[in-house]
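According to our numbering, numbering within the first sequence proceeds without interruption in unit steps and concludes at 1258. Backbone N, C-alpha and C define an ideal beta-carbon position, used for all residues, glycine too. Take a look at the structure set out below.
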Amino acid sequence: MPQRPYNDYEKKWQHQWEKDQTYRADTCSKAPKFYGLIEFPYPSGEGLHTGHGRPFIGIDVLTRKHRMQGENVMYPIGWDAFGLPTENFAIKHKMKPVDVTRKNVANMKRQLFSQGVGFDWSREINTTDPSYVKWTQWQFLKFFDSWYDEDAQRARPISELPVPSTILLQGDAAVRAYQDDHRLAFKATSTINWCPKDKIGLANEEAQGGVCERCGTVVEKREKEQWMIRITKYADRLLNDLDNVDYLEKIKIQQRNWIGKSDGAQIEFPVQDVSKIVLATNNVGKVARVKKCLSSILPNVEVLTLKEAGLSSQDVVEGSDLEANARAKASAYAGKTDLPIMGMDTGFFIDGEDADPAAPKRNALGGVDESTLSQSQIAEKMDAYYRSIATRRGGEVDAYWKDFFVVRFADGSERIATSIRPVVLTDKRFGEMDIFFPVRGLYRVKANNKYIAEQTEEEELTVELAPYRDALVRLCSTSIQVFTTRPNTLFGVTYLVLAPEHALVDEWINQGRVKNVSAVEAYRAAVRRETDMERTAERREKTGVPLEGMIATNPINGERISVWIADYVLANYGTGAVMAVPAHDERDFAFAKKFALPIKQVVAPYFSAPEGHKDAVRADRPTVRRQTIQAFVKHWNEDKYLCLDWKHFGWHSGVIGGIDEGEDAITAATREIIEETGYQHLRFVKLLGGEIHKNFFAAHKNENRYAVSVGLLFELVDGAHVDPEPEQIKNHDAVWVAADKMRSFLSLNDAVYMWDALITGNECFAGDGLAVHSGFLNELPTWKAKEEVTSWLMEHGYGKKQITFKLRDWVFSRQRYWGEPIPIVRCAKCGHVPLPEDQLPLTLPDVAVYEPTDTGESPLANVRSWVETTCPRCGGPAERETDTMPNWAGSSWYFLRYCDPQNDRALADPEALKYWMPIDLYNGGMEHTTLHLLYSRFWHKFLWDLNIVPRECGNEPYARRHSHGLVLAEGGEKMSKSKGNVVNPDDVVREYGADAFRLYIMFMGPFEQSVPWDTNGLEGVRKFLDKVWNLGSIVARESKVEPSLLSLYHQTIKKVSEGIDRLQFNTCVSALMILVNAFQDAGEIPTECRDGFLQLLAPFAPHIAEELWHALGHKDSIHRSGWPIFDPNLLQEETFELVIQINGKVRDRVKMSRDTSEEEVKTQIMSLPKVQTWVEGKTLKQIVYVKGKLVNIVVD
RNA sequence: GCCGGGAUGGCGGAAUUGGUAGACGCACGGGACUCAAAAUCCCGCGAUCGAAAGGUCAUGAGAGUUCGAUUCUCUCUCCCGGCACCA
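Following this line, the structure appears as C-alpha cells:
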C-alpha cells in the first residue's frame, strides 16, 4: 500500500495556490459577492495555538464552498497589532515594539500558510502601519468634529450644531465651550480604573469585578482627564437594530444586557427649606405668576406681597442691570422682617438690537417717562415698538426673557437664581395684550413653537414658564431627582438614598444644612478609599449614614422622609439617587432592616385562576369580598404542619378562614384553627409577608370570592385536641404534612407563596401584583399603576417618563506608548485643536525609552521634542495630546479597510464598500460579544451617519454573527502557557499533515461549543484520509451504479452543503466518512460520484482534494471547479424500511415499496406473524400511520 | 441573585417540524494476516435477564401532555457562559 506523501503535496499546492492567486477576491467582479470574516488576530509572541484554528478553518471551509459555487469570495486577514503584551515584551527585551510586531506577524503568517487557510493575502492589513493609523486618526477627528442630533437620530458635523442665542451672545469662547460639550469625542474628568501593575487606565469593560482584565491586579480609582466617546447616544439604535441582524440569540441577549435599557420614571423629591416668602413688589401680575409657579410644585410655600407681609413699599434706587435691581429690591427690606425676601427683575432682550440691559423697557417707550402713561398706553406703545422690529427684520426675531431672582434671608445669606426663556418675536398678532407682560400678543415660545395666546395653562407652566418655575423652586427648596423602574411603588417610599459622591451632598454641606457633617464626611472618605472589588463584594452588609437635617417630601402624599447616603447607590447610574421602597426591593429591604427604617407594603401579590380553570371566576355568580387568613400550624414536637385537604374541591392549603367584624387576623386565625382542626393550645409566631389578594370561584359557597388574605404561622403548645363539630369538617380534612413535603402538597398558589415566605423568611416582594395602601392607585395592577402615577407626576410637575441605560460612554484614552496617538493639540489660547488632515498620520516618536510613568501620564509626555509643537489654528506654542487610543480603535473599522486596503485618499473607496458590505458572516469568540462587537457596530453606524460609509451598505456592519467554542486542553481545562498544556499546531501539521489537522478541528465537536483536544481523534481522521488516498486504487466501474450507493451520494451532497451553511462541520465530516466507507464496501467509486466527492471534500481537506483532482486529469484547481448539486429524486430509494410499533414500541420492520397505499400498508402489516403475536387477544384501538416511516398499532 | 445555554454509552458527539435513541469517530474486546509487532481488514461493543429467540429498563431527577417525548410544558439538581448593590 503506497504511503500518503502529504508533506510533499501539501507544500506543493500551498505554493501553487499562492502563485495562482487562487483565493484572491476581485472587487470588480460581476459575480455575487461573499464576504466572510474572522476576528483578526493579535500577533503574540507565542504564535497560534490549536484553538485559533477553529474559526480560521471553519470560515475557510464556508468561504471555500461559496468560492466553488462561483461566488466572488473575500476572506481577508490582518493583524490587530497595537497592544500591551508587545509593548511589555519590547521593554523587557530592549527592543522596539515595531520590530517585535514584525517578527510575530511573520511567524503567525507562516503558521496560517502551513494550515492551508485560503486567505486573500493581497488584502493583509496591520493596524500599526502608518497608512492604517492615518485613517484611524482621521476617524477619531470625525468623532471630534461631530455632535449627535437627537431629533434626527444621527451624528452631524459640529458646524451644524445650533448654538442658542444666549450662548452666542457670550462670545467665541462660550460657543467653543458649548461645541466641546456636544462633540462625540470629548474630554472629561472621570474616575478611572487604574491598574497599578500595567500602569494603564482601563475602561469599565476591562476592569470587570474590580480586577485588571489583562493581569488580574486589583484596580485602583484615579481621577483623570480622559478622552471619551459618546457611545451612549447610540444606545437605542444599538439595541433596536439587533432586531434586523442575524446573530446567534445568545449574542443578541448579551448585547441587550450590556446596553441595559430600563424603562421607568424620574421623580423629583423636594427638600423644601422655605415655607413663607415675601416678594419685594406689589406688582400683581408678577405676584400672580410666582404664586402660580410655586403652587404647582411646592404647594406649602406661602407667597406674600409686601402689603400682606405688613411692609410698606419703599422707593428703590434702580441698579445698572437686572441683578443689581433684584438685589436692591431685596436689600431694601433687609432687617424689617424675619421672612425671606425675594427681589426680582425681568428684562426682555431682542437679539441684535442695541438693548440697554439696565432698562430694557425704555427701548419700547422711546425715552418717554413711564409715570405719565397708563398701563394700557404702555402696553400699546411697547406692542407697536416690538412689532415694528419684527416687521423690519423680516417677520421673526430671536428674543428672550431674562429673570433674575435674589432671596435674602434674615441671617443675611442670599440665594440667587436666573432663568432664560427664549422666544421669537413676530409681526403676527395673537390674542389680547397682557398689561403686565405687554408683548404677549407678539411672541412665540421657542421651546414648543406655540404662540403664547394659544397655549394652555398647562403648557404655559410646563413649557414656557418651566425655567422660571425651576428657578423659583430652586430658591425655596432643594430637590432630589431619583430614577425608578417602579414608580407604582411611590406610596411605599420610606426614605431616600443618595450616592455618597452626589453633588447635592457637597452643596448641602457647604450651605451648612447638614447637621452631622463629620459623620457624613467620614463615611464618604471611607467609600472613596474602597476599591471596586470591596464595594461589589458579595452579600456585603449595607452601610450608610443619614443626612441629618435634610427632610424630603414624598410628592404623592406629602409624607416627610429621611435622606441617607449609602454606597449601594451608584453615582453613575440613573440620577445617583434612589427612592427606597424596602417592602419591594431587596437592597432597600436589607438597608431598612439594618437601620430600623419603616417598611410599607404597597404591592400585594395577586392570585387568580386562569380562564377555563375550575377555580376561575364565573361571570354568572356574584362576587363576595372578604378579609381572610391562612395559617400554618406547626406540630408541638415534630417538623410537620397542619393543613387542610379539601376533599371535593382538589385544594390543598393551610387553615383558611374569614376575619369577622371587629376581629383582628390573629384572633380570627386562632378561632378558625380551633374550630376546623380541634387543636386547642396555640401560640402565634409571626406573620408571613404582607397581605395578598386572591380572586377565585369558591365552589364550597357557590360564589366568587375576592379575598384579601394574610398568612400566619402558629405553633401548637401540646397535642390537646377536641373533635371539631361535624359541620366544620364536612368540606375538608385536617392532615399533618411533613415540612419537606409541604411544597408539593400545597395546591393553591397563594398557599405556596405563603409557605415560601415561611421557609425563606423573605418579607420583601419584588414581583408585580396589585397596588395597596396607595391612595388613588389601590387595586390597580402594577403596569396600570405605573402609567397612572407617571401621568400624575407629569401633571403636577414632579416627574416624567425616563429611560436609563447601563451603557456608559467609552473611555478612549490609554496612557501607553504602543497605540495610535490621539491627533489633538492643546493650545492655551484655542483649547483642543484637531490636527489638520494633511498632517496625518501622526506617528509615534522613535525613542529608546517608552516605559510607563507612575504619575499616570503617557510615556509620550516625556518626549518633549515630540510633545512641543505649534497650534494649527493660531500658530502659537502648543503641546500634543500624549494619550494613545485603545486597541478597540483599530479593530472597530478594519473590516471596512479590507474592502480597499491600499487606498491613501480615503479609508476605503465608497464603491468598494458598496460592493462588499455588509459582511455576510462574521465569526468570533464569545469574549468579544460585549466589547468589540458593540464598539464596531457603533463605529460603523457613526460612519454611516456621516455618509463615509455609503447608505447602500446598511447601518449594521455584520449581517450574520456566529461564534465558535474554545478548544480545551486534553483534560478539559483551558489551554494556557502557564499550565503547559498548549498544543502547537505546527507539531500537528508536521506529524499528521494540514488536512488531518483541519479535518480533526472540524470533526471534534459542534462549532459553537467548547471541546477538549484528543490526539486519538486525530488518528481517526488520518485513517480516513488514508482511505481517501487509497480509493484511487479502487477501480471506477462504468457499469450500472448500485441505487443505494447513488442515493447515499446524493444524500451526502445535501448533508454537506446544508451542514456547511449552518456551520455544522462535524456532521459534514461524518457524512463524508460514511460515504467513503460505502465506496470501500462497494469496492468501487462510481465514475459519476468521483469528481463530486472530491469537491465535497475540498473545503475540508483542500490539499488532498487538489492532488487527487489533478491525478484524475483535471488541469484547473478544484477550488474554483464548481459545487456538486444533488438530485432530489435520487435522495430516496424506491423501497424503505417501515417500522412497526405496537403501543409505541418497535416490534418489527419490513421492507416496503414507497408507493404502497396507506390501506395496503395497514392490511399487509396486520398479517405479519410478530404483529399477530402482539395483537392476539387484544382489541384494536387505533392505527397511526406516518408515511414512509412507521406504523403504530394501539391495542388495549 | 439575575439572564442565557447545557446534561445522551468508557470518551467526543449524532438524531432540524414530536416518529427506529446512540450515526460518525475514539477507546476497548475478539478474530484474520504475520515468526512477531505495527499497519490493514473483519466481527462485537448502553444496562440488565436469557443458552438462544427474545424480553425489560435506559437520553441529569420527578411529574404532565401525546398513539408515540432526547425533542413540548412544569418543578428540582448539577455544570458552563455572561452580568452582578443598575434602583
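Practice task
Compute the beta-carbon to beta-carbon distance between V686 and E765, rounded to the nearest angstrom, for a pair I have assumed lies under 8 Å.
Solution key: Locating residue 686 in the first sequence gives position 624, counting from the first residue. Locating residue 765 in the first sequence gives position 703, counting from the first residue. So it is a contact: roughly 5 Å between Cβ atoms.
Practice task
For S771, write down the residues that DSSP places opposite it in a beta bridge.
Solution key: The residue you call residue 771 lines up with position 709 of the first sequence. Paired residue(s): T690 and I754.
Exercise for the section: Would you check if the distance between the CB atom of E1014 and the CB atom of D303 is smaller than 7 Å? Expected result: Taking the first sequence and counting its residues from 1, the one referred to as residue 1014 is at position 952. Taking the first sequence and counting its residues from 1, the one referred to as residue 303 is at position 241. Contact: no.
Exercise for the section: May I ask you to report which of helix, strand or coil DSSP gives P788? Expected result: For the purposes of this step, residue 788 is identified with residue 726 of the first sequence, where counting begins at 1. Residue state, collapsed to three classes: helix.
Problem - Every unbroken beta strand (DSSP E) within the stretch 862-897, with a cutoff of 3 residues, ordered by chain - result: If only complete runs of 3 or more residues are kept, the stretch 862-897 shows the beta strand (DSSP E) at 886-889 and 893-896, in order along the chain.
Practice task
In the DSSP assignment, find the alpha helix (DSSP H) that holds P1164 and state where it starts and stops.
Solution key: For this step, residue 1164 is matched to residue 1102 along the first sequence. Counting along the chain, the alpha helix (DSSP H) containing P1164 begins and ends at P1164 to A1173.
Exercise for the section: Return the residue from the list P948, A392, E583 and V555 that minimises the CA-CA distance to S624. Expected result: In the first sequence, the residue the question calls residue 624 occupies position 562. Among P948, A392, E583 and V555, the Cα nearest to that of S624 belongs to V555.
Handout entry: Sequence-distant residues of its chain with Cβ nearer than 6 Å to V631 (five each side left out)
Key = Position 569 of the first sequence, counted from the start, is the residue given in the question as residue 631. Around V631: V559, A561 and V640.
Problem - For Q76, the three-state DSSP class (helix, strand or coil) - result: Start at 1 with the first residue of the first sequence, and residue 76 comes out as number 14. Helix, per DSSP.
Practice task
On the DSSP bridge assignment, give the partners of W713 in chain order.
Solution key: Stepping through the first sequence from its first residue, residue 713 is reached at position 651. Answer is W708, bridged to W713.
Problem - Runs of alpha helix (DSSP H) lying entirely within the stretch 1177-1255, each at least 4 residues, in chain order - result: 1220-1228 and 1231-1237
Problem - the stretch 323-331 in contact with the stretch 855-868 per 3-pair CB rule at 8 Å - result: yes
Problem - Own chain residues within Cβ distance below 7 Å of W79, not counting five before or after - result: On the first sequence, residue 79 is found 17 positions in, with the first residue counted as 1. The residues are Y85.
Exercise for the section: Starting from Q1157, follow the alpha helix (DSSP H) in both directions and report where the run begins and ends. Expected result: Position 1095 of the first sequence, counted from the start, is the residue given in the question as residue 1157. Residues T1149 to L1159.
Handout entry: Reference I542, options A658, Q573, P332 and L534, closest by Cα
Key = By 1-based counting over the first sequence, the position of residue 542 is 480. Cα-wise, what sits closest to I542 is P332.
Exercise for the section: Could you round the C-beta distance between I289 and L246 to whole angstroms and report it? I think they count as a contact, below 8 Å. Expected result: Translated into positions along the first sequence, residue 289 becomes position 227. Translated into positions along the first sequence, residue 246 becomes position 184. Here residue 289 turns out to be Trp, not Ile, going by the sequence shown. Not a contact, Cβ separation roughly 11 Å.
Problem - Endpoints, alpha helix (DSSP H) assigned at A652 - result: Counting from one through the first sequence, the residue named residue 652 turns up at place 590. Where A652 is concerned, the enclosing alpha helix (DSSP H) stretches over E648 to F657.
Practice task
Can you grab the Cα-Cα spacing for the pair I478 / V911, in whole Å?
Solution key: Numbered from 1 along the first sequence, position 416 holds the residue referred to as residue 478. Numbered from 1 along the first sequence, position 849 holds the residue referred to as residue 911. Using only the alpha carbons, I get a separation of about 54 Å.
Handout entry: From L775, G1079 and R1216, residue whose alpha carbon lies closest to that of N1191
Key = Here residue 1191 is taken as the residue at index 1129 of the first sequence, counted from 1. Of the candidates L775, G1079 and R1216, the one whose C-alpha sits nearest the C-alpha of N1191 is R1216.
Exercise for the section: Specify the secondary structure class of A1268 as computed by DSSP and reduced to three states. Expected result: Since the displayed the chain opens at 63 and closes at 1258, residue 1268 lies outside it and no answer follows.
Practice task
Could you name the residues of the same chain whose beta carbon sits closer than 7 Å to that of F471, not counting the 5 residues immediately before and after it, in chain order?
Solution key: Along the first sequence, read from residue 1 onward, the residue named residue 471 stands at position 409. Leaving aside the five residues that flank F471 on each side, the residues in its chain whose CB is nearer than 7 Å to its CB run, in chain order, P402.
Problem - Buried versus exposed, by CB contacts within 10 Å (16 or more), T991 - result: By 1-based counting over the first sequence, the position of residue 991 is 929. Within a 10 Å sphere around the beta-carbon of T991 sit 16 or more other beta-carbons, which makes this residue buried.
Exercise for the section: May I have the straight-line CA-CA distance separating D82 from T89, to the nearest angstrom? Expected result: If you number the first sequence from 1, residue 82 lands on position 20. If you number the first sequence from 1, residue 89 lands on position 27. So the alpha carbons of these two residues sit roughly 17 Å apart.
Handout entry: Length at least 3, wholly inside the stretch 343-379: the beta strand (DSSP E) runs in chain order
Key = 364-366
Problem - Beta-carbon proximity check, S1025 vs M988, cutoff 7 Å - result: Taking the first sequence and counting its residues from 1, the one referred to as residue 1025 is at position 963. Taking the first sequence and counting its residues from 1, the one referred to as residue 988 is at position 926. Yes, they are a contact pair.
Exercise for the section: Can you give me the start and stop residues for the alpha helix (DSSP H) that Y1111 sits inside? Expected result: Here residue 1111 corresponds to residue number 1049 of the first sequence, with the count starting at 1. Unbroken alpha helix (DSSP H) run through Y1111: P1105 to D1123.
Problem - Residue range of the unbroken alpha helix (DSSP H) whose run includes Q1071 - result: Residue numbering aside, residue 1071 sits at position 1009 when the first sequence is read from its first letter. Per DSSP, Q1071 belongs to no alpha helix (DSSP H) and is neither H nor E.
Handout entry: Of the residues W817, A614 and A152, the one placed nearest G716, counting alpha carbons only
Key = Here residue 716 refers to the residue found at position 654 when the first sequence is read from its first residue. Of the candidates W817, A614 and A152, the one whose C-alpha sits nearest the C-alpha of G716 is W817.
Practice task
Using beta-carbon positions only, say whether R1263 and A769 come within less than 7 Å of one another.
Solution key: Outside the shown range of the chain (63 to 1258) lies residue 1263, about which nothing can therefore be said.
Exercise for the section: Please name the residue in L537, F553 and A642 whose C-alpha comes closest to that of V544. Expected result: For this step, residue 544 is matched to residue 482 along the first sequence. When only C-alpha atoms are compared, the closest one is A642.
Handout entry: For M1064, three-class secondary structure by DSSP
Key = For the purposes of this step, residue 1064 is taken as residue 1002 along the first sequence, with counting starting at 1. In this structure, M1064 counts as helix in the three-state DSSP scheme.
Handout entry: C-beta atoms of F1000 and Y296 nearer than 7 Å
Key = Stepping through the first sequence from its first residue, residue 1000 is reached at position 938. Stepping through the first sequence from its first residue, residue 296 is reached at position 234. In this structure, Y296 lies closer than 7 Å to F1000 by Cβ.
Problem - Reduced DSSP category for K512 - H, G, I as helix; E, B as strand; rest coil - result: One-based indexing of the first sequence puts residue 512 at position 450. DSSP places K512 in strand when its eight states are reduced to three.
Exercise for the section: Tell whether a beta-carbon distance below 7 Å holds between F144 and N924. Expected result: The residue you call residue 144 lines up with position 82 of the first sequence. The residue you call residue 924 lines up with position 862 of the first sequence. Not in contact: F144 and N924 (Cβ atoms no closer than 7 Å).
Problem - Euclidean distance between Cα positions of D945 and R238 - result: Residue mapping note: residue 945 aligns to position 883 of the first sequence, counting from 1. Residue mapping note: residue 238 aligns to position 176 of the first sequence, counting from 1. Going by the C-alpha atoms only, they are around 22 Å apart.
Practice task
Run the CB neighbour count on Q1194, radius 10 Å, all protein chains shown included, and call it buried at 16 or more, exposed below.
Solution key: Translated into the one-based positions of the first sequence, residue 1194 becomes position 1132. With fewer than 16 other Cβ atoms within 10 Å, it is exposed.
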